[in-house]
Amino acid sequence: MVEKLKEQRTYAIAGHGGTGKTSVAEMILLNAGNITRLGKIEEGTTSLDYEPEEIKRRGSIQPAVASYAWNKNDHFLLDTPGDNNFIGDLPYQLMAVDSAVFVIDAIDGVKPLTKKLWSEVDKAQLPTIIFINKIDRERANFDQAFDGLSSILGLKPVLLYMPIGAEADFKGLVDILNEKALYFQEDGSIKEGDIPEDMQDTIAVIRETTIENIAESDEELMETYLEEGSLTWDEIVSGLRKGTLSREIVPVCAGSALTNRGGVQLLDAIQDFLPSPLEHPQWQGVNDTTRPSDPEAPFAGFVFKTIADPFAGQLNIVRILSGTVTSDMPVVNATRESKEKFGQILLLEGKKQTPCKKELGPGAIFALAKLKNTGTGDCLCDEKSPFLPKLPELPPTIISYALSAAEKGDEDKVFAAVQRLLDEDIVLSLSRNEETGDMLLAGMGQLHIELSVEKIKRRYKADILLKTPKIPYRETIKGSAEVQGRHKKQSGGRGQFGDCWIKMEPNVRGGGYEFVNAIVGGVIPKQYIPAVDKGIQEASTRGVLAGYPLIDFKVTLYDGSYHAVDSSEMAFKVAGSLAFKKAAEQCKPVLLEPIMHMSVFVPDEYMGDVIGDLSGRRGKVLGSDSDKGITEIQAHVPLAEVLKYAPDLRSMTGGQGTFTMEFDHYEECPSQVTEKVIEESKKDTE
Numbered sequence: 014m015v016e017k018l019k020e021q022r023t024y025a026i027a028g029h030g031g032t033g034k035t036s037v038a039e040m041i042l043l044n045a046g047n048i049t050r051l052g053k054i055e056e057g058t059t060s061l062d063y064e065p066e067e068i069k070r071r072g073s074i075q076p077a078v079a080s081y082a083w084n085k086n087d088h089f090l091l092d093t094p095g096d097n098n099f100i101g102d103l104p105y106q107l108m109a110v111d112s113a114v115f116v117i118d119a120i121d122g123v124k125p126l127t128k129k130l131w132s133e134v135d136k137a138q139l140p141t142i143i144f145i146n147k148i149d150r151e152r153a154n155f156d157q158a159f160d161g162l163s164s165i166l167g168l169k170p171v172l173l174y175m176p177i178g179a180e181a182d183f184k185g186l187v188d189i190l191n192e193k194a195l196y197f198q199e200d201g202s203i204k205e206g207d208i209p210e211d212m213q214d215t216i217a218v219i220r221e222t223t224i225e226n227i228a229e230s231d232e233e234l235m236e237t238y239l240e241e242g243s244l245t246w247d248e249i250v251s252g253l254r255k256g257t258l259s260r261e262i263v264p265v266c267a268g269s270a271l272t273n274r275g276g277v278q279l280l281d282a283i284q285d286f287l288p289s290p291l292e293h294p295q296w297q298g299v300n301d302t303t304r305p306s307d308p309e310a311p312f313a314g315f316v317f318k319t320i321a322d323p324f325a326g327q328l329n330i331v332r333i334l335s336g337t338v339t340s341d342m343p344v345v346n347a348t349r350e351s352k353e354k355f356g357q358i359l360l361l362e363g364k365k366q367t368p369c370k371k372e373l374g375p376g377a378i379f380a381l382a383k384l385k386n387t388g389t390g391d392c393l394c395d396e397k398s399p400f401l402p403k404l405p406e407l408p409p410t411i412i413s414y415a416l417s418a419a420e421k422g423d424e425d426k427v428f429a430a431v432q433r434l435l436d437e438d439i440v441l442s443l444s445r446n447e448e449t450g451d452m453l454l455a456g457m458g459q460l461h462i463e464l465s466v467e468k469i470k471r472r473y474k475a476d477i478l479l480k481t482p483k484i485p486y487r488e489t490i491k492g493s494a495e496v497q498g499r500h501k502k503q504s505g506g507r508g509q510f511g512d513c514w515i516k517m518e519p520n521v522r523g524g525g526y527e528f529v530n531a532i533v534g535g536v537i538p539k540q541y542i543p544a545v546d547k548g549i550q551e552a553s554t555r556g557v558l559a560g561y562p563l564i565d566f567k568v569t570l571y572d573g574s575y576h577a578v579d580s581s582e583m584a585f586k587v588a589g590s591l592a593f594k595k596a597a598e599q600c601k602p603v604l605l606e607p608i609m610h611m612s613v614f615v616p617d618e619y620m621g622d623v624i625g626d627l628s629g630r631r632g633k634v635l636g637s638d639s640d641k642g643i644t645e646i647q648a649h650v651p652l653a654e655v656l657k658y659a660p661d662l663r664s665m666t667g668g669q670g671t672f673t674m675e676f677d678h679y680e681e682c683p684s685q686v687t688e689k690v691i692e693e694s695k696k697d698t699e
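For what it's worth, the working numbering labels the leading residue of the sequence shown as 14, then goes sequentially.
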């Protein structure tokens, strides 16, 4: 098995949405012989985008796996989503591979989301080949796209294939290292020929630069290059592979996936320069444990994705970290400390499932159906040798919607359906806001939430209503007051009596609630003082302006009286509540709104528009920083103004802007906002 594993490749196809990643995967499967014709995104006929939501929006929303053979060597391909809405669990997907093919389109070149996605590949420390796609499309600019690799991403690219012509005149590739031209023929074949005369000088310079970059990636090679003035063919090839594996250099291929141009060259580069599973560094586990990527080691498999299957139920997709696997093998789920037993091992090609009859080793990706208690992020292991790998951190969600059943009585059905989707999409979360009562579905963007709801409706026939969540406003005070809270009730038998005097004043912002007991002489017995405190705290959950919790205030209990028979904890609790309400009304109450810290990333040319828009949303721009054509804008903006920011930013920047946001602090609302919120709260209580 070791010899076979040396030639095995397991890689992800990554890049931002719209670059043609799935079409590149389709081109690879065609050249490998898995399919007989190229599927098209526009027609919904690709092998790897098969969910109805993917076909409808013409883009990947979940990862898809395919296995194939190239020159009799096993390859496992993982096509990953590139839309900002669907990359929350990308770190888990990148953990499941040994390398990556990163796709950039020749029209737009390097965009802000390119930079973000590249940072994920970089963080995963994956050796990578870059494929510049869409050379034959109108406005294609290969030079601009290639230059962006160094000027914007900061890479040291090594060009392997240079396009001959562009747009409709794209007719071939120059093999830089072999110094020959490859011309596309009408029947799909390739004919070798001479490099066009007008390109020969350029190619000579590029080849020299390529060899220099290869030499610079290794000290020994650099010494040889300086002494000899050149490298031998074997030194070039071995140096290129070594530099790729060390991530000092990045090989670059080019072509057009839709017309199957450059596919064979890309496949050869994957085979020649990307690592085998045996070259993967040791897996790092919790508690300083490690596990080698070795077929002789005990079995460990990482479940990096769970998907719903209409026939098999839940499918767990597994990457083998170490050891080997066969059907009906007993294992332990080391994450949940529970036993599982493998059924049939399935190899995938999109939704197509093929039973695997051979033994699989490290790097293999396969699917399992009907496991009892296993989900995304779990590790399945040999019963005698459990292993828990360190998992990459997933990003926080950035948007929430209030969710409810469309029909009364369907609540159980709806929330059961949502829970099943949460098992599949670990980035989604469902929580209850105790203050507003809303059930909040949180995700990576508006489209993420909307398509999740579409999926629930289609699969589980559960109708769901989505609405913008209520803003968690707060109230506080700016003045002080001294008031009496007196509760007296006589209705036959034992009465109720509690009497307290309090001073209420502002606390420092963020200081919360503070209670000071200043009672002397026993005017209120000590057993009743906690009841006053509790009454104030409970009453403060509904402020006097609009019913929002009142925060950051200090109460001093300094006087009162009691009745030997009628006083009780309940009576003093009511007295404390009455005192709070009376004092809050006299202490100049104000409304506070949540302020978010936002980081917005846009091309430099959109900076002015975006800053102007943030200011128009009552935002305070904290600063901006431009780096290699991308501006990062930092701002504080009221949550109420950015609940639907994602589609607005997309519209402003032609889909090239991205952002993150998190809660920062509370701030006093302007008077017009306060009036509007108070008016709305009155309507809600009517």
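Ideal placement from N, C-alpha and C gives every residue a C-beta, glycine not left out.
Residue span of the beta strand (DSSP E) that contains residue i, given as start and end
i	result
Glu-362	359-362
Ser-112	112-118
Gln-497	494-502
Met-108	Where Met-108 is concerned, there is no enclosing beta strand (DSSP E), although the alpha helix (DSSP H) it sits in stretches over 103-108.
Ala-724	Nothing can be reported for residue 724: it is not among the residues displayed for the chain, which extend from 14 to 699.
Leu-190	Element bounds for Leu-190: n/a, residue is neither H nor E.
Met-452	452-456
Lys-354	351-354
Same chain, Cβ closer than 7 Å to residue i, neighbours up to 5 away in sequence not counted
i	result
Leu-605	Tyr-486, Arg-487, Glu-488, Thr-489, Tyr-679, Glu-680, Glu-681, Cys-682
Lys-502	Gly-508, Gln-509
Arg-332	Ala-109, Gly-314, Phe-315, Phe-317, Ile-378
Asp-207	Ala-194
Lys-594	Ala-552, Val-557
Environment of residue i [buried if 16+ CB atoms lie within 10 Å]
i	result
Ile-691	exposed
Ala-82	exposed
Val-650	buried
Ser-230	buried
Ala-109	buried
Trp-296	buried
Gly-524	exposed
Ser-269	buried
Met-457	buried
Asn-346	buried
Residue span of the alpha helix (DSSP H) that contains residue i, given as start and end
i	result
Glu-467	459-473
Glu-229	213-229
Leu-662	658-666
Asp-156	155-164
Val-744	For residue 744 there is no data in the structure shown, the boundaries of the chain being 14 and 699.
Asn-701	With the chain covering only 14 through 699, there is no way to say anything about residue 701.
Pro-65	65-70
Tyr-238	232-241
Pro-264	Premise fails: Pro-264 lies in the beta strand (DSSP E), 263-267, not in any alpha helix (DSSP H).
Neighbourhood of residue i by C-beta, 8 Å cutoff - its chain only, sequence neighbours within 5 removed
i	result
Leu-635	Gln-647, Ala-648, His-649
Ser-289	Leu-18, Lys-19, Glu-20, Gln-21, Arg-22, Asp-111, Gly-376
Neighbourhood of residue i by C-beta, 6 Å cutoff - its chain only, sequence neighbours within 5 removed
i	result
Tyr-473	Ala-430
Ala-158	Ile-117, Ala-119, Gly-122, Ile-145
Glu-518	Ser-493, Lys-567
Arg-630	Val-650, Glu-654
Leu-239	none
Glu-180	Glu-151, Ala-153
Met-452	Leu-416, Arg-445
Ala-418	Glu-424, Val-427
Gln-357	Ser-340, Pro-368
Cβ separation of residue i and residue j, assumed to be a contact under 8 Å, to the nearest whole Å
i	j	result
Pro-305	Ser-335	6 Å
Ile-484	Tyr-414	Going by Cβ atoms, the distance from Ile-484 to Tyr-414 rounds to 13 Å, so no, they are not a contact pair.
Thr-272	Asp-149	6 Å
Leu-287	Tyr-24	6 Å
Glu-39	Ser-73	Actually they do not touch by this definition, with Cβ atoms about 12 Å apart.
Ile-537	Tyr-575	6 Å
Ala-597	Leu-570	Contact flag wrong, Cβ pair sits at about 16 Å.
TODO: Mind the definition here: the segment 361-377 touches the segment 72-82 only if three or more C-beta pairs lie below 8 Å; say whether that holds.
DONE: Contact between the segment 361-377 and the segment 72-82 is present, because at least three Cβ pairs lie under 8 Å.
Open item on the list: For the pair the segment 279-289 and the segment 160-167, tell me if three or more CB-CB distances fall below 8 Å.
Closed with: Judged by Cβ distances under 8 Å, the segment 279-289 makes no contact with the segment 160-167, as fewer than three pairs qualify.
TODO: Give a yes or no on contact between the segment 95-105 and the segment 392-407, applying the rule of three or more CB pairs nearer than 8 Å.
DONE: Touching, per the Cβ criterion.
- [ ] Say whether the segment 40-59 touches the segment 319-329, bearing in mind that this needs 3 or more beta-carbon pairs closer than 8 Å, one atom from each stretch.
- [x] Output reads no: the segment 319-329 does not touch the segment 40-59.
TODO: Mind the definition here: the segment 384-399 touches the segment 337-354 only if three or more C-beta pairs lie below 8 Å; say whether that holds.
DONE: Output reads yes: the segment 337-354 touches the segment 384-399.
- [ ] Inspect the CB distances between the segment 616-633 and the segment 575-591 and report whether three or more fall short of 8 Å.
- [x] As far as the Cβ criterion goes, the segment 616-633 does not touch the segment 575-591, which means the pair count is below three.
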